[in-house]
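Here the sequence shown stands for residues 5 to 256, numbered as in the numbering used here.
Each residue gets a CB set at the ideal place from its N, CA and C atoms; glycine is no exception.
Quick notes on the structure that follows.
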Amino acid sequence: MDSGTELKIDVVGLTDVGCQRTNNEDGFGYDLESKIFVVCDGMGGMAAGEVASATAIKELVEHFAQSVASDATTEDRLYRAILHANTQVHQMAQSSEELHGMGTTLVSACIDGRRLLIGNVGDSRAYFMRGGVCAQITHDHSFLAEQVRKGAMNLEEAKASPLQSVITRAVGTAETVEPDIFTGDLEAGDIVLLTSDGLTRYADAKAIAALILGCTNLADACQALIDRAKQQGAVDNVTCLLLQLLPADEAA
Ligand SMILES: [Mn+2]
Numbered sequence: 005m006d007s008g009t010e011l012k013i014d015v016v017g018l019t020d021v022g023c024q025r026t027n028n029e030d031g032f033g034y035d036l037e038s039k040i041f042v043v044c045d046g047m048g049g050m051a052a053g054e055v056a057s058a059t060a061i062k063e064l065v066e067h068f069a070q071s072v073a074s075d076a077t078t079e080d081r082l083y084r085a086i087l088h089a090n091t092q093v094h095q096m097a098q099s100s101e102e103l104h105g106m107g108t109t110l111v112s113a114c115i116d117g118r119r120l121l122i123g124n125v126g127d128s129r130a131y132f133m134r135g136g137v138c139a140q141i142t143h144d145h146s147f148l149a150e151q152v153r154k155g156a157m158n159l160e161e162a163k164a165s166p167l168q169s170v171i172t173r174a175v176g177t178a179e180t181v182e183p184d185i186f187t188g189d190l191e192a193g194d195i196v197l198l199t200s201d202g203l204t205r206y207a208d209a210k211a212i213a214a215l216i217l218g219c220t221n222l223a224d225a226c227q228a229l230i231d232r233a234k235q236q237g238a239v240d241n242v243t244c245l246l247l248q249l250l251p252a253d254e255a256a
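Below is the structure:
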């Protein structure tokens with residue numbers, strides 16, 4: 005097809021409290037007009053985790069949408085929107101005793117023509133799938149993933165460690181934050197998954213690909229991913245946001 009043709013975007017997001025927790029600190033959000041998509045996994049006492057994730061989602065999406073008129077590159081707009089979300093969550097955390105110390109992971113995708121940009125902080129992940137093959141794009145900002153990357157631990161040791169949820173970067177816990185930004189090119193048919201650790205502790209890239217390929221539409225695929233985590237006990241909240249790029253004339 006003509007590579008200049010704009011791709012249409014199909015999107016489905018689902019979040020589930022899981023099988024053990026009583027509250028859901030995960031969340032997702034998007035704005036199809038400005039083509040920004042985000043999943044956050046909040047942490048903090050009482051309801052603070054929910055406040056952190058909801059605030060980060062709202063502030064990121066709004067800031068990114070409002071910056072569309074600026075001269076900044078899309079990379080810069082995404083980067084600044086993450087820093088803005090960090091500032092807002094951090095200021096709110098400082099403003100009350102109950103919210104003190106709250107924070108959230110953040111994984112965000114934006115689509116700029118035929119380019120995909122991913123920005124992340126923490127251990128929520130982005131995966132990319134083309135031609136039935138799924139690969140993790142982001143690098144977890146977690147103690148165990150960093151030990152493995154440094155060669156100080158192997159994957160088996162990391163899997164057996166009790167330190168599964170120790171993250172090394174978060175949105176809102178400090179005045180500043182350093183997101184990673186990844187970019188790639190998009191083709192019709194490509195699928196992007198943004199997801200919290202509530203899924204990835206139960207499904208690797210291969211399992212994710214198999215589940216998505218076993219479904220005939222994006223909504224069923226999103227539900228199948230959530231169901232996989234729940235069938236295995238879902239000790240944590242589970243959130244999945246799936247995007248698929250479609251040729252303009254095939255969009256639903
Ligand atoms: Mn989680």
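Exercise. Sorry if obvious, but does the Cβ on D45 come closer than 6 Å to a heavy atom of ligand 1?
Worked result: Mapped onto the sequence shown, residue 45 falls at position 41. A distance criterion of 6 Å places the beta-carbon of D45 in contact range of ligand 1, judged by its closest non-hydrogen atom.
For this session: State whether the segment 99–106 contacts the segment 51–63, with contact taken as three or more CB pairs (one from each stretch) at a distance under 8 Å.
Result: Contact between the segment 99–106 and the segment 51–63 is present, because at least three Cβ pairs lie under 8 Å.
For this session: Could you tell me the distance, in whole angstroms, from the CA atom of D208 to the CA atom of S146?
Result: Reading the sequence shown from its first residue, position 204 is the one you call residue 208. Reading the sequence shown from its first residue, position 142 is the one you call residue 146. C-alpha of D208 to C-alpha of S146: approximately 17 Å in a straight line.
For this session: Label L159 either buried or exposed according to how many other C-beta atoms from any shown protein chain fall within 10 Å of its C-beta, with 16 as the threshold for buried.
Result: Residue mapping note: residue 159 aligns to position 155 of the sequence shown, counting from 1. Counting Cβ neighbours within 10 Å, L159 comes out exposed, since fewer than 16 surround it.
Exercise. Given a threshold of 16 other Cβ atoms within 10 Å of its Cβ, counted over all protein chains shown, does V170 qualify as buried or as exposed?
Worked result: Here residue 170 refers to the residue found at position 166 of the sequence shown. Around the beta-carbon of V170, fewer than 16 other beta-carbon atoms lie within 10 Å, marking it exposed.
For this session: Just the C-alpha distance for S71 and L36, rounded to the nearest angstrom, thanks.
Result: Position 67 of the sequence shown holds residue 71. Position 32 of the sequence shown holds residue 36. Their Cα atoms are separated by approximately 15 Å.
Problem set entry | Rounded distance between the beta-carbons of T142 and I122, thought under 8 Å | As a first step, residue 122 is located in the sequence shown; it is residue number 118 there, counting from the start. As a first step, residue 142 is located in the sequence shown; it is residue number 138 there, counting from the start. Indeed, because the Cβ distance is near 6 Å, the residues count as touching under 8 Å.
Exercise. Should the segment 123–136 be regarded as contacting the segment 192–202, the criterion being three or more beta carbon pairs within less than 8 Å?
Worked result: Verdict: yes, contact present.
Exercise. Would the C-beta of G17 count as close to ligand 1, meaning under 6 Å from any of its heavy atoms?
Worked result: Here residue 17 refers to the residue found at position 13 when the sequence shown is read from its first residue. Incorrect: G17 has no Cβ contact closer than 6 Å to ligand 1.
Exercise. Just reading off the beta strand (DSSP E) that A139 is part of, what are its end residues?
Worked result: For the purposes of this step, residue 139 is identified with residue 135 of the sequence shown, where counting begins at 1. Looking at the DSSP string, the run of the beta strand (DSSP E) that includes A139 is 137–140.
For this session: With a threshold of 16 other CB atoms inside 10 Å of the CB of L249, please say whether the residue is buried or exposed.
Result: Working through the sequence shown from its first residue, we reach residue 249 at position 245. Per the 10 Å Cβ criterion, buried.
Exercise. Can you tell which of T220, Y34, R205 has its C-alpha closest to the C-alpha of V43?
Worked result: Taking the first residue of the sequence shown as 1, we reach residue 43 at position 39. Among T220, Y34, R205, the Cα nearest to that of V43 is on Y34.
For this session: Give the DSSP bridge partners of Y3, in chain order.
Result: Outside the modelled stretch of the chain, which goes from 5 to 256, sits residue 3, for which no answer is possible.
Exercise. How many angstroms separate the CA atom of P166 from the CA atom of V152?
Worked result: Against the sequence shown, residue 166 aligns to sequence position 162. Against the sequence shown, residue 152 aligns to sequence position 148. Their Cα atoms are separated by approximately 15 Å.
For this session: Taking L121 as part of the alpha helix (DSSP H), name the residues at either end of that continuous run.
Result: Position 117 of the sequence shown holds residue 121. Residue range 119–125 is occupied by the beta strand (DSSP E) that includes L121, with no alpha helix (DSSP H) assigned at that position.
Exercise. Do S200 and ligand 1 come close, with the Cβ less than 6 Å from some heavy atom?
Worked result: As a working note, residue 200 is residue 196 in the sequence shown. The nearest non-hydrogen atom of ligand 1 is less than 6 Å from the C-beta of S200.
Problem set entry | DSSP bridge partner residues for D184 (one or two, in chain order) | The residue labelled residue 184 in the question sits at position 180 within the sequence shown. The secondary-structure analysis by DSSP pairs D184 across a beta bridge with N124.
For this session: Would you decide whether L217 is buried or exposed? Buried here means 16 or more other CB atoms lie within 10 Å of its CB.
Result: In the sequence shown, the residue the question calls residue 217 occupies position 213. So L217 ends up on the exposed side.
Exercise. Under the DSSP definition of a beta bridge, which residues are partnered with L64?
Worked result: Reading the sequence shown from its first residue, position 60 is the one you call residue 64. In the DSSP output, where bridge partners are listed per residue, L64 has none listed.
For this session: Note down, one range per segment and in chain order, each alpha helix (DSSP H) of at least 4 residues found wholly within the segment 180–243.
Result: If we require 4 residues or more, the alpha helix (DSSP H) runs fully inside the segment 180–243 come out as 201–204, 209–217, 222–235.
Problem set entry | Check whether G176 and H94 have beta carbons under 7 Å apart | Counting from one through the sequence shown, the residue named residue 176 turns up at place 172. Counting from one through the sequence shown, the residue named residue 94 turns up at place 90. In contact: G176 and H94 (Cβ atoms closer than 7 Å).
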